[in-house]
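In the working numbering, the protein residues as written are 11 to 359.
Single-structure report; data block below.
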Ligand code: TRP
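Structure below.
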C-alpha cells in the first residue's frame with residue numbers, strides 16, 4: 011500500500027467520523043461522466059455514499075461532467091441522452107432534487123474560468139505523472155495525449171473547489187485527481203491567501219469490485235450490471251458470470267478472484283460479511299452463488315428501478331431539475347470567481 015493511499019484512507023476514515031459528529035459541516039461534490047449508463051460499480055463505490063451524506067444533512071452538489079466526454083474520444087455519442095440518464099439515475103438512487111444541486115459543466119462558465127489560474131499552479135511534469143490519466147489514455151487506445159486529457163484533473167479541481175466542497179465520494183481510481191485538487195488549493199492559498207478548503211475523498215469498502223468476468227469493469231467488455239437493467243437482464247448477466255470448478259464456495263480474493271467478487275457484491279447488497287455468505291452457500295456451487303447474487307442485486311435495486319421508470323416518463327421534470335441546478339451552480343461559481351479575482355488583485359472598476 012502506498013503512502014498516499016494510506017493517507018487517503020485515513021482522511022476518508024476521518025470524514026466518516028465527521029459524518030457522525032458534525033455532518034452539517036460537510037459539503038459534498040462529486041461527478042459522473044455522461045459516456046454511458048451508471049452501473050453497480052458506481053453505485054457501491056460512490057452513489058450509496060452520496061445518499062448517506064444527504065441523509066445525514068451534508069450539502070450536496072452533483073455534477074454531470076459533460077466536458078469530460080471530450081477528453082478521451084472523438085465520437086461524443088448521445089451526450090444529451092446520457093446526461094438525462096445520469097440525472098435520472100442519481101434521483102432514482104435517492105438524491106433529493108429539492109436539496110441537491112445537480113448541474114452540468116458546460117452550463118457554468120465561471121467554473122470553467124477557474125481553470126486558468128489553477129493551470130498556472132501546476133507543472134506539466136506533475137500532470138504527466140497522473141496514473142489515472144495514463145490509464146484512461148491507454149484504455150481509450152490513445153497514443154498521443156491531448157491537451158484536455160492532460161489537464162482535466164485541473165478542471166476537476168475547478169469542479170470541486172468552485173463550490174468549496176470538502177468531501178468527495180469517489181472510487182479509488184479518482185485519488186490522483188483528489189490529490190491534484192488538494193495541491194492546487196494549497197498552492198492557491200499560499201500564494202493569494204486562504205480561499206479554498208483541501209477536500210478529502212470519501213472511499214467505500216467497494217473499491218475492489220470487478221466485472222462479471224472477474225476483470226476490470228468496462229462497458230465495452232459487457233461485464234457490467236447497469237442500474238437501469240431489468241431484473242431479467244440482471245439475472246442473465248449474472249448467469250454468464252465467470253466462476254470456477256470448485257463446488258465449495260469460499261471467500262479467497264487471491265486464489266479465487268471471480269468467486270470472491272460475486273461474494274463481495276452479495277455482501278455489499280445484504281450487509282453480511284462475504285465469508286459468512288460463503289459459509290451459508292457451502293457446497294451449493296456456482297449455481298447457488300449466482301442465484302443468491304441475482305436475488306440480492308434485484309432486491310437492492312428494485313426501488314431505484316421503480317423510481318427510474320417513473321422519472322423516464324417525465325422529461326420536463328428532469329429538465330427542470332437540471333435548469334434549477336445550473337442556475338444555482340452559476341450563482342456560486344460567479345461568487346467564487348469574483349473572490350478569486352479579488353485575491354489576485356484583478357478588480358479594476
Ligand atoms: N473524473 C470522474 C470520473 O471519471 C468524474 C468527475 C468529474 C468527478 N468531475 C468530478 C468526480 C469531480 C469527483 C469530483 O468518474
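We put the CB at the ideal spot given by N, CA and C, even for glycine.
Nothing here was measured: the structure is a model prediction, and the numbers come from that model.
Checklist line | Residue environment, residue 42, which counts as buried when at least 16 other CB atoms sit within 10 Å | finding: Your numbering for residue 42 matches position 32 in the chain shown. With 16 or more Cβ atoms within 10 Å of its Cβ, residue 42 is classed as buried.
Checklist line | Beta bridge counterpart(s) of residue 37 as assigned by DSSP | finding: As a working note, residue 37 is residue 27 in the chain shown. Answer is 69, bridged to residue 37.
Note to self: Helix, strand or coil for residue 186? Go by DSSP, reduced to three states.
What the structure shows: Taking the first residue of the chain shown as 1, we reach residue 186 at position 176. It is helical.
Note to self: Can you tell me whether residue 112 is helix, strand or coil according to DSSP?
What the structure shows: Numbered from 1 along the chain shown, position 102 holds the residue referred to as residue 112. Here residue 112 sits in strand by DSSP.
Notebook entry, point to check: Any chance the CB of residue 111 is under 7 Å from a heavy atom of the ligand TRP?
Noted result: The residue you call residue 111 lines up with position 101 of the chain shown. For residue 111, the CB stays at least 7 Å from every heavy atom of the ligand TRP.
Notebook entry, point to check: Three or more C-beta pairs closer than 8 Å, one from the region 82-92 and one from the region 299-306: is that the case here?
Noted result: no
Notebook entry, point to check: Between the C-alpha atoms of residue 87 and residue 229, what's the straight-line distance to the nearest angstrom?
Noted result: For the purposes of this step, residue 87 is taken as residue 77 along the chain shown, with counting starting at 1. For the purposes of this step, residue 229 is taken as residue 219 along the chain shown, with counting starting at 1. So the alpha carbons of these two residues sit roughly 14 Å apart.
Check: Any heavy atom of the ligand TRP within a distance shorter than 7 Å of the CB on residue 187?
Finding: The residue labelled residue 187 in the question sits at position 177 within the chain shown. At least one heavy atom of the ligand TRP is nearer than 7 Å to the Cβ of residue 187, so yes.
Checklist line | First through last residue of the beta strand (DSSP E) which encompasses residue 210 | finding: Start at 1 with the first residue of the chain shown, and residue 210 comes out as number 200. Taken as a continuous stretch (DSSP letters only), the beta strand (DSSP E) holding residue 210 covers 210-212.
Notebook entry, point to check: What's the C-alpha gap between residue 319 and residue 95?
Noted result: Working through the chain shown from its first residue, we reach residue 319 at position 309. Working through the chain shown from its first residue, we reach residue 95 at position 85. So the two alpha carbons sit approximately 11 Å from each other.
Note to self: Checking 8 Å against the spacing of the C-beta atoms, do residue 179 and residue 163 come in under that value?
What the structure shows: Locating residue 179 in the chain shown gives position 169, where the first residue counts as 1. Locating residue 163 in the chain shown gives position 153, where the first residue counts as 1. Result no, Cβ atoms of residue 179 and residue 163 do not sit closer than 8 Å.
Next item on the list: List in chain order the residues whose CB is within less than 7 Å of at least one heavy atom of the ligand TRP.
Entry: 39, 40, 41, 42, 43, 73, 75, 78, 166, 169, 170, 178, 180, 184 and 187
Notebook entry, point to check: Mind checking whether residue 172 and residue 121 have CB atoms under 8 Å apart?
Noted result: Residue 172 sits at position 162 when you count from the first residue of the chain shown. Residue 121 sits at position 111 when you count from the first residue of the chain shown. If you check the CB distance, residue 172 and residue 121 come in under 8 Å.
Checklist line | Cβ-based burial, residue 15 [other Cβ within 10 Å; buried from 16] | finding: Your numbering for residue 15 matches position 5 in the chain shown. Under this definition residue 15 is an exposed residue.
Notebook entry, point to check: Under the three-state reduction of DSSP, which class applies to residue 145: helix, strand or coil?
Noted result: Here residue 145 is taken as the residue at index 135 of the chain shown, counted from 1. Helix, per DSSP.
Next item on the list: Assess, as a yes-or-no matter, whether the region 284-295 is touched by the region 49-68 under the definition of 3 or more beta carbon pairs within less than 8 Å.
Entry: By the C-beta criterion, the region 49-68 is judged not to be in contact with the region 284-295, since fewer than 3 inter-stretch pairs fall below 8 Å.
Check: My guess is that residue 252 and residue 294 are in contact by the Cβ rule of under 8 Å, so how many angstroms apart are they, rounded?
Finding: Numbered from its first residue, the chain shown carries residue 252 at position 242. Numbered from its first residue, the chain shown carries residue 294 at position 284. Their Cβ separation, rounded to whole angstroms, is 17 Å, which puts residue 252 and residue 294 out of contact at 8 Å.
Next item on the list: Per DSSP, which residues does residue 179 bridge with? Please list them.
Entry: Start at 1 with the first residue of the chain shown, and residue 179 comes out as number 169. Residue 179 pairs with 212.
Next item on the list: List the endpoints of the continuous alpha helix (DSSP H) containing residue 302.
Entry: Looking up residue 302 in the chain shown gives position 292. Unbroken alpha helix (DSSP H) run through residue 302: 295-322.
Note to self: Quick check: residue 218 and residue 274, are their CB atoms within less than 8 Å of each other?
What the structure shows: Against the chain shown, residue 218 aligns to sequence position 208. Against the chain shown, residue 274 aligns to sequence position 264. Yes, the pair counts as a contact, with Cβ atoms nearer than the cut-off.
Next item on the list: Kindly indicate which residue of 60, 141 and 131 has the alpha-carbon position closest to the one of residue 107.
Entry: Sequence index remark: in the chain shown, residue 107 carries index 97 (1-based). Among 60, 141 and 131, the Cα nearest to that of residue 107 belongs to 60.
Margin query: If I follow the unbroken alpha helix (DSSP H) through residue 236, where does it start and stop?
Written below: For the purposes of this step, residue 236 is identified with residue 226 of the chain shown, where counting begins at 1. Unbroken run through residue 236: none, as it is neither H nor E.
Note to self: Can you list, in chain order, the residues of its chain with a C-beta nearer than 6 Å to that of residue 9? Leave out the 5 residues immediately preceding and following it.
What the structure shows: Residue numbering for the chain in the displayed model covers 11 to 359; residue 9 lies beyond these limits and cannot be assessed.
Item checked: Whether residue 89 touches residue 205 by CB criterion (8 Å) -> Within the chain shown, residue 89 is the residue found at index 79, counting from 1. Within the chain shown, residue 205 is the residue found at index 195, counting from 1. No.
Next item on the list: May I ask you to verify whether the region 257-272 touches the region 33-48, counting CB pairs closer than 8 Å and requiring at least 3?
Entry: no
Notebook entry, point to check: Among 288, 290, 322 and 280, which has the Cα closest to the Cα of residue 309?
Noted result: Here residue 309 refers to the residue found at position 299 when the chain shown is read from its first residue. That would be 280, whose Cα lies nearest to the Cα of residue 309.
Check: Since residue 74 sits in a beta bridge, which residues does DSSP pair it with?
Finding: As a first step, residue 74 must be located in the chain shown, where it is residue number 64. Paired residue(s): 42 and 114.
Checklist line | Inter-residue Cα distance where the pair is residue 193 and residue 208 | finding: In the chain shown, residue 193 corresponds to position 183, counting from 1. In the chain shown, residue 208 corresponds to position 198, counting from 1. For residue 193 and residue 208, the distance between alpha carbons rounds to 8 Å.
Item checked: Distance, residue 222 Cα to residue 250 Cα -> As a position in the chain shown, residue 250 is number 240, starting the count at 1. As a position in the chain shown, residue 222 is number 212, starting the count at 1. Cα to Cα, residue 250 sits roughly 8 Å from residue 222.
Notebook entry, point to check: Would you say residue 177 and residue 73 are within 8 Å of each other, going by their C-beta atoms?
Noted result: The sequence position of residue 177 within the chain shown is 167, counting from 1. The sequence position of residue 73 within the chain shown is 63, counting from 1. Taking 8 Å as the Cβ cut-off, residue 177 and residue 73 do not qualify as a contacting pair.
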